[in-house]
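*Asks:*
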Amino acid sequence: MSGGTLIALSADEIIMDENAVLGPVDPQLGQMPAASILKVLEQKETKDIEDQTLIMADVAQKAIKQMEDYLLTLLTAKGMDREKAQRIAHELATGKFTHDYPLTVDYLKSLGLNINTEVPQEVYALMELYDQPMGAQPPSVQYIPVPYKTTNSEK
5 MSGGTLIALS
15 ADEIIMDENA
25 VLGPVDPQLG
35 QMPAASILKV
45 LEQKETKDIE
55 DQTLIMADVA
65 QKAIKQMEDY
75 LLTLLTAKGM
85 DREKAQRIAH
95 ELATGKFTHD
105 YPLTVDYLKS
115 LGLNINTEVP
125 QEVYALMELY
135 DQPMGAQPPS
145 VQYIPVPYKT
155 TNSEK
């Protein structure tokens, strides 16, 4: 969802179905949210934190700043007031939500984004031409931990 959010924020107007959602754009370092890595610095003394975690926290801080700056550039390029743009950038990029949290139309409107829910019927017609993923399909790729162990019943 975050990639779609970045594309949407670069538009003059965001057209969304009333049931559609966007997502936060908080940076992720590997499988870890940058904001959560920084939380370690608040909860432990520096002497009790491993060097690798301190380095990751430095990168996390830079990543969040870079994302906020990028959002500020996107939002102000279309004429949005700088203070409003900074507030939105901070809200979406600093880890207030988990990375997969759905941001609803109402919430996005409350931030002050230009959201239009009048989706042209042609868009729905186009979407019907493409197969939609089914919820209960098995994944096309499965993760198997290494080393792979078989049980006696599988032999």
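Note that our numbering numbers the sequence shown so that position 81 is 85, with each residue one more than the last.
Backbone N, C-alpha and C fix where the C-beta goes; we use that ideal spot for every residue, glycine too.
All values derive from a computational prediction rather than experimental measurement.
With distances taken between CB atoms, is the gap from glutamine 65 to leucine 33 smaller than 8 Å?
*Replies:* No, the Cβ-Cβ distance between glutamine 65 and leucine 33 is not below 8 Å.
*Asks:* Which whole runs of the alpha helix (DSSP H) in the segment 16 to 96 are 4 residues long or more, in chain order?
*Replies:* If we require 4 residues or more, the alpha helix (DSSP H) runs fully inside the segment 16 to 96 come out as 38 to 47 and 55 to 81.
*Asks:* Under three-state DSSP, which class holds leucine 117?
*Replies:* Three-state DSSP puts leucine 117 in coil, outside helix and strand.
*Asks:* Do leucine 75 and isoleucine 92 have their C-beta atoms closer together than 8 Å?
*Replies:* Yes, the pair counts as a contact, with Cβ atoms nearer than the cut-off.
*Asks:* Start and end of the alpha helix (DSSP H) containing valine 127?
*Replies:* Residues 125 to 132.
*Asks:* Taking the straight line between their C-alpha atoms, what separation do you get for valine 174 and glycine 8?
*Replies:* Missing from the structure shown is residue 174; the chain here goes from 5 to 159 and no further.
*Asks:* Since threonine 108 sits in a beta bridge, which residues does DSSP pair it with?
*Replies:* The partner list for threonine 108 (beta bridge, DSSP) reads Val25.
*Asks:* Would you report the Cα separation of threonine 98 and alanine 89, rounded to the nearest angstrom?
*Replies:* Each residue's alpha carbon lies about 14 Å from the other.
*Asks:* Excluding the five sequence neighbours on either side, which residues of its own chain have a C-beta within less than 8 Å of the C-beta of serine 40, listed in chain order?
*Replies:* Around serine 40: Gly99.
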